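Novice: My questions will all concern the structure given below.
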Amino acid sequence: MRFPGAQVAAYVFPTVSVVFLIAVAILFFTREAYTRQVMLGGYLLCLIWFYAGYFIGRRYRVLKLAVVPLGDALKLKQIHQVEFRYLKSPELTGTRFDGIVADLRSDDLGPEWEKFLAKCTLSRIPVYHTKQIKESITGQVRIDHLSENEFGSLLPSPFYGGLKRLVDFVGALVLLPILAPIMLLCAIAIKLDSPGPALFVQPRMGYRGIAFNVYKFRSMYCDQEGLGFTEGEDDPRITRVGRIMRKYRLDELPQLFNVLKGEMSFIGPRPESMELSSWYEKDVPFFSYRHIVRPGISGWAQVEQGYAAEVDGMTAKLQYDFYYIKHFSLWLDVLIVFKTIKTIFTGFGAR
124 MRFPGAQVAA YVFPTVSVVF LIAVAILFFT REAYTRQVML GGYLLCLIWF YAGYFIGRRY
184 RVLKLAVVPL GDALKLKQIH QVEFRYLKSP ELTGTRFDGI VADLRSDDLG PEWEKFLAKC
244 TLSRIPVYHT KQIKESITGQ VRIDHLSENE FGSLLPSPFY GGLKRLVDFV GALVLLPILA
304 PIMLLCAIAI KLDSPGPALF VQPRMGYRGI AFNVYKFRSM YCDQEGLGFT EGEDDPRITR
364 VGRIMRKYRL DELPQLFNVL KGEMSFIGPR PESMELSSWY EKDVPFFSYR HIVRPGISGW
424 AQVEQGYAAE VDGMTAKLQY DFYYIKHFSL WLDVLIVFKT IKTIFTGFGA R
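Quick note: the sequence shown uses the numbering used here, first residue 124, plus one each step.
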């Protein structure tokens, strides 16, 4: 339940791949001898082993959580991905549970229940706060107030932020010459499909609230962009070529220049237009906190929700964005990268 909102199977491939890539890099730089066949065989065996363990476990074992029926824990009935069993008294009656869920902030949590939770912890039965479980299952955080990270701080890890910037810079530097032919073909296709420039440049709200110009391939007819809302996949403003580019995220390729300049990251909340940023702040006073990390080409909201149409998806989108900031880490970024790659190569999934 480390990164809520994602299936456990989604971690297997990226995690095993990253571990083996690190191992190969270490062997390469230390000039240690190794056999490619053995390394590849070990990689494939690890994938098979972990996937088999996951699917066998999922088939024969359902996650069961006991719930202390007080406070916000009563609202868990609205969530259906996990089997919740509400306790009638502070005791376990021999039924297997994977953990206990309780509203640890509830004033109704009396001495008997607190004693029960303490005993469960001593028996090595995990005890979760209701808020943690909700975030773990939905992959969202509530936006009625600011939410601190696991260290009790509003400031994301400065060390990881610096490391991520270095990876962004090197990655953009490597990818730009490789993807240049594809970008050229996209530009030609746009010019042939509809009149107007190939590039769409628009001021967006960026890192630490500093505005910058974001670069995208134009996917709409000229003078049809509006204020920033998208009406979904059937938006009549989108051109024929634009529809294909959006499906495979090719319209985002010019943002590699934004990444190179330090204005964006590969992964992060999508940068909003100036108009939308002002509009959001009217409803969410601390909306500017969203700019504590660099905006990204792809993000948690995009791989989980896709394009938000009008006001319908606004709240959910912000909940995903603030969840990303709260859990700002390497492993969440790796998960988003692999989900994005899946969308790019299959054309399916949230975008």
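All C-beta atoms in this analysis are idealised placements derived from N, C-alpha and C, irrespective of residue type, glycine included. These figures come from a predicted structure and were not determined experimentally.
1. Could you check what DSSP says for K187 in three-state terms: helix, strand or coil?
2. Using a Cβ-Cβ cut-off of 8 Å (strictly less than) and excluding sequence neighbours within five positions of A113, which residues of its own chain qualify?
3. Alpha carbon to alpha carbon, what distance is there between I256 and T438?
4. For A148, is the classification buried or exposed, using 16 other Cβ atoms within 10 angstroms of its Cβ as the cut-off for buried?
5. Name the two residues that bound the continuous beta strand (DSSP E) containing Y338.
6. Cα-Cα, which of L197, S259, Q201 is closest to D231?
7. Out of S452, P377, W454, which has the shortest C-alpha to C-alpha gap to I420?
8. Would you mind working out which of R247, S140, L441, I448 sits nearest L170, comparing C-alpha positions?
9. By DSSP, does A129 sit in helix, in strand, or in coil?
10. From I179 to G294, what does the alpha carbon distance come to, in whole angstroms?
11. Looking at the secondary structure, which residues open and close the beta strand (DSSP E) in which Y209 lies?
12. Going by the DSSP bridge assignment, what does Y251 pair with across the sheet?
13. Might you give, ordered along the chain, the residues of its own chain that have their beta carbon closer than 6 Å to the beta carbon of D456, omitting 5 neighbours on each side?
14. Tell me, please, whether the segment 400-408 touches the segment 364-384 by the rule of three or more beta-carbon pairs shorter than 8 Å.
15. Answer yes if the segment 276-296 comes into contact with the segment 229-244, meaning at least three C-beta pairs across the two stretches below 8 Å, and no otherwise.
16. Return the Cβ separation of I64 and I260 in integer angstroms, given the expectation that the two are a contact with Cβ distance under 8 Å.
17. Between the beta-carbon of Y338 and the beta-carbon of F282, is there less than 7 Å?
18. With H, G and I counted as helix, E and B as strand and the rest as coil, what does DSSP make of L350?
19. Kindly list the residues whose CB is nearer than 7 Å to the CB of I313, restricted to its own chain and excluding five residues on each side of it in sequence; keep chain order.
20. Does the beta-carbon of Q160 have 16 or more other beta-carbons within 10 angstroms, so that it is buried, or is it exposed?
21. Could you name the residues of the same chain whose beta carbon sits closer than 6 Å to that of D374, not counting the 5 residues immediately before and after it, in chain order?
22. Just list the alpha helix (DSSP H) runs in the segment 367-442, keeping only unbroken ones of 4 residues or longer that don't cross its boundaries, in chain order.
23. Considering only their Cβ atoms, is the gap separating V135 from Y166 smaller than 7 Å?
24. Could you have a look at Q201 and say whether DSSP puts it in helix, strand or coil?
25. Grab me the residues of F220's own chain with a C-beta within less than 6 Å of its C-beta, minus the 5 sequence neighbours each way, in chain order.
26. If you run the structure through DSSP and keep just helix, strand and coil, what is V264?
27. Identify whether R331 lies in helix, strand or coil by the three-state DSSP scheme.
28. Let me know the secondary structure DSSP gives P320 once reduced to three states.
29. Can you tell me the Cα-Cα spacing of R417 and V324, whole angstroms?
30. What did DSSP end up calling G165 once you bin it into helix, strand or coil?
31. Could you give the DSSP three-state label for P137: helix, strand or coil?
32. Work out the CA separation of F451 and S401 for me, nearest whole Å.
33. Check P281 in the structure and name its three-state DSSP category.
34. In whole angstroms, what is the alpha-carbon distance linking S280 and I467?
35. Look at the Cβ atom of G332, then the Cβ atom of S411, and state whether they are nearer than 7 Å.
36. I need the boundaries of the alpha helix (DSSP H) containing E237, first residue and last residue.
Specialist: Result, derived from the coordinates:
1. strand
2. The structure shown does not extend to residue 113, since the chain spans only 124 to 474, so no value can be given for it.
3. 19 Å
4. exposed
5. 334-340
6. L197
7. P377
8. S140
9. Any reading at A129 must be qualified, since the residue scores a pLDDT of 48, below 50, and its modelled position is unreliable; the value itself is stated next. In the structure shown, A129 sits in coil (DSSP, three-state: anything other than H, G, I, E or B).
10. 37 Å
11. 206-209
12. V224
13. I390
14. no
15. no
16. With the chain running from 124 to 474 in the structure shown, residue 64 is simply not present.
17. no
18. Because L350 sits at a pLDDT of 49, beneath the cut-off of 50, its placement in the model cannot be relied upon, and the following sentence gives the value as read from the coordinates. In the structure shown, L350 sits in coil (DSSP, three-state: anything other than H, G, I, E or B).
19. A321, F340, R341, V364
20. exposed
21. K339, F340, S342, M368
22. 378-383, 397-406, 423-427
23. no
24. helix
25. K187, A189
26. coil
27. helix
28. coil
29. 18 Å
30. helix
31. helix
32. 25 Å
33. helix
34. 29 Å
35. yes
36. 234-245
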